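From first to last, the protein sequence lines are chains S and F.
Using this note's numbering, the letters of the first sequence correspond one by one to residues 38 to 378.
Using this note's numbering, the letters of the second sequence correspond one by one to residues 38 to 378.
Ideal Cβ positions, reconstructed from N, Cα and C, are used throughout, including at glycine.
Since we're looking at a predicted model, the values are computed, not measured.
2 protein chains.
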Amino acid sequence: MELDERKLTILRAIIQNYLETGEPVGSRTISKYTDLNLSSATIRNEMSDLEEMGYIIQPHTSAGRIPTDKGYRLYVDMLMQDKQAEMDNLRIELNAKSEKLDSILKEAAKVIAVNTNYASMITAPRYRKHRIKFLQLTQVDPESLLTVIILDGNIVKNNLIHVEEDLTQETLLKLNLMLNTFLQGLDLQEINASVIQKIRTESGGYSSLISEILDVIATSMESEEVEAYTSGSTNIFKYPELNDSERASGLLNALEEKKQLTELMYQEGDSDRGIQVYIGDESPLEATKECSVVTATYHIEEGVYGKIGIIGPRRMDYEKVVGTLKRLMSELDQIFKKDKQ
Amino acid sequence: MELDERKLTILRAIIQNYLETGEPVGSRTISKYTDLNLSSATIRNEMSDLEEMGYIIQPHTSAGRIPTDKGYRLYVDMLMQDKQAEMDNLRIELNAKSEKLDSILKEAAKVIAVNTNYASMITAPRYRKHRIKFLQLTQVDPESLLTVIILDGNIVKNNLIHVEEDLTQETLLKLNLMLNTFLQGLDLQEINASVIQKIRTESGGYSSLISEILDVIATSMESEEVEAYTSGSTNIFKYPELNDSERASGLLNALEEKKQLTELMYQEGDSDRGIQVYIGDESPLEATKECSVVTATYHIEEGVYGKIGIIGPRRMDYEKVVGTLKRLMSELDQIFKKDKQ
DNA sequence: TGTTAGCACTCATATTGTTTGAGTGCTAAT
DNA sequence: ATTAGCACTCAAACAATATGAGTGCTAACA
């Protein structure tokens, strides 16, 4: 059987109607909804065909039709081809007060959630390989030493170390110089035994201190727990089909744990395939089998990127979601570009 | 009417039974449950009295009784008097891998949530008045300057500032020295116009840089958004009485926003009254009117403390909750003490 | 005087049956 | 190829009924 123009029109009409109402849509509705001027009976025949082809389904014998995942998929693919979703009058404004990355991200997650009425999650950029850009030890008070580690992309990490021995200003300077000399530009793998050995001999003593510093560096760099922020998790209560306590609980749990979702978003790794849509069962995550997940990638610099995800019901307003995401991306890009120059 | 020993026993039995089952408890149940060896009829009489006194209530004419807030209050107060909740065999173990404050707190929230099966929230310690302990500017690369600000209690804040002018190592040293001289030990209020004026004249030029630095300092210090972490929000689905979507949504929202809850926890400010219990309407928060909130305070050093909160249904297992909190407190105390020495 | 047995009464909940209406599939006519 | 008409299905809404846990009250009892 062939999926001709008319069938497509009807399918689109069914889906759009279902997106709005969340109720199965019947033939009479479509007969009036579209400008095809066809009677409900004709529509019924077409619907019957569409069902046979697997794009729609009846939840029970005498109900209207609802789209299957396959139907949604077709619809979304058509949407995506539609050139760019015209930048409409969405007012997305990031109130990035401070320029701190984390507050920008939190704000971004919130903006998305508020604008779309779905749940959102955003991850901090993940670096392929962290490299040390700069290192500094500073004596804060007689007992504590502050270590500041700056990684590629200006990620700043700091830790306080307790020290017993009193270090002179001079020693510190020497240590700083030495550490930077040996470690600058290295990633975690490259800090191997031989490098460490060199540092040890070079430093002459302070062995326990050095160990502690290296420890701190290691944990700072390997911290592969990507930071992630969620917003609007309670939006899911707005959609009756997610509203039973079992599902809601599972979903909220996923949003709280973040880990699984992060994996999902990063699963196709480095690819910058722009916007990805997972409809229902297409998602590998148990918790989101009844949902759709839309993910997008934002870039900070070459090879440094983070992800945004939107989670909502299957019948999410894909057009709006994709539009909103695109807007936000360009907004983020601008912020980071400004940040760079 | 008098609240004699027997009435108390019966009340306690009612509450305990209700805590377990969540169902209204009838006279026959109590008659068998307690070792008072009284018939259900007698119990009925007593219950009638207890109801008149306002400790219990019938949800509808022919149902068993459930405790009122007043009843819970009495029960909780009795509990609290019971010396210390004997340190039972709760296995609370903080896997504080890193010694970073935030990961300790996240872990603590999780431990609480897992152990009690309620939702938990923990706030990072709030300082009465932040004072500057130490300041440092460092050139990271030709365009960016790292400012590290260490506040009382070793809170480290850092920011990157973009600079156009190229600063010599010397200038930086001078600026560092100067800033520390003028600002060390001050809180935000004390950094007034006259101090700023002095810094400006002393620095000779770099006016825009100085402004930027002062800005950064101000935002770092006033950031009165107390960090807060939640865990186990989805536990609330385990209690049918909170499980309708309206309530659940409100609660989860409160847990997501965190702000209101933080205010609740800090509302009696500095007082270290140990463990506080808000039962139902006693809480000023709309979202938690159907819940109980138990809060506790942990101390890092004199005047520096944070809060932990547990949110669950009215019929929460107060005994367990209080016990768990006490355990956790001592655990935290130890960690921070070790951290100090 | 406190306790108990007995009984009529209440009312939420569960069960069952009935009605309604949206929606379908099929067939015959256009 | 399209449409009108009709019988059929079934979820959802509603009503009527049964069930049973639990109460309050009274009268008997220790």
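Endpoints, alpha helix (DSSP H) assigned at residue i
i	result
F/I233	A230 to S240
F/I47	E42 to T58
S/A145	L138 to T153
F/M115	D106 to Q118
S/A265	Here S/A265 belongs to no alpha helix (DSSP H); instead the beta strand (DSSP E) covers A265 to S268.
F/A78	S77 to M90
S/M258	S244 to E259
S/S64	S64 to Y70
S/L209	Q206 to L220
Residue environment, residue i, which counts as buried when at least 16 other CB atoms sit within 10 Å
i	result
F/S76	exposed
F/N272	buried
S/L210	exposed
F/T238	exposed
S/E83	buried
F/H167	buried
F/S99	exposed
S/S367	exposed
F/Q118	exposed
F/V253	buried
F/A78	exposed
F/A122	Any reading at F/A122 must be qualified, since the residue scores a pLDDT of 46, below 50, and its modelled position is unreliable; the value itself is stated next. Buried, because 16 or more other Cβ atoms sit within 10 Å of the Cβ of F/A122.
Range of the contiguous beta strand (DSSP E) that encloses residue i
i	result
S/L197	I192 to H199
F/D178	I169 to D178
F/E338	C328 to E338
S/V314	Q313 to I316
F/T160	A156 to T160
S/V185	S181 to L188
DSSP beta-bridge partners of residue i
i	result
S/Q297	Its beta-bridge partners do not exist; DSSP assigns none.
F/G343	F/Y335
F/P103	For the record, residue 103 of chain F in the displayed sequence is Ile; it is not Pro. Beta-bridge pairing links F/I103 to F/I94.
F/I348	F/A156 and F/V330
F/R163	F/Y342
S/D224	S/R168
Residue-level contact to chain F via CB, residue i, 8 angstroms cutoff
i	result
S/T205	no
S/F373	no
S/N213	no
S/S135	Residue placement at S/S135 cannot be trusted, given a pLDDT of 49 that sits under 50; the coordinates are not used to answer.
S/L369	no
S/N152	no
S/N217	no
S/T325	no
S/L197	yes
S/L209	no
S/T299	no
S/S286	yes
S/G190	no
is_contact[residue i, chain S] using C-beta, thresh 8 angstroms
i	result
F/K143	no
F/V10	Residue 10 of chain F lies beyond the residue range present for chain F, which begins at 38 and ends at 378; the question has no answer from this structure.
F/I22	For chain F, the structure presents residues 38 to 378; residue 22 of chain F sits outside this window and is missing.
F/G193	In the sequence as displayed, the identity of residue 193 of chain F is Val instead of Gly. Closer than 8 angstroms to some Cβ of chain S, the Cβ of F/V193 qualifies, so yes.
F/M124	In this prediction, F/M124 has a pLDDT of 46, which is less than 50 and means its spatial position is unreliable; what the coordinates show is noted afterwards. No, F/M124 lies away from the interface with chain S (no Cβ there is under 8 angstroms from its Cβ).
F/E293	yes
F/L289	yes
F/S270	yes
F/S157	no
F/K120	Low per-residue confidence applies at F/K120: pLDDT is 48, beneath 50, and the placement is therefore not dependable enough to give any value.
F/S282	yes
F/I47	no
**Study point:** Residues in the stretch 249-262 of chain S having any Cβ partner in chain F nearer than 8 angstroms
**Key:** Taking 8 angstroms as the Cβ-Cβ cut-off against chain F, the residues of the stretch 249-262 of chain S that qualify are T256.
Review point. Between the stretch 161-188 of chain F and chain S, which residues of the former have CB atoms less than 8 angstroms from a CB of the latter, in chain order?
Key: Of all residues in the stretch 161-188 of chain F, K170, F171, Q173, T175, V177, D178, S181, L183, V185 and I187 have a Cβ within less than 8 angstroms of some Cβ in chain S.
**Study point:** Within 7 angstroms of chain F by C-beta, residues of the stretch 71-93 of chain S in sequence order
**Key:** Per Cβ criterion, the list is empty.
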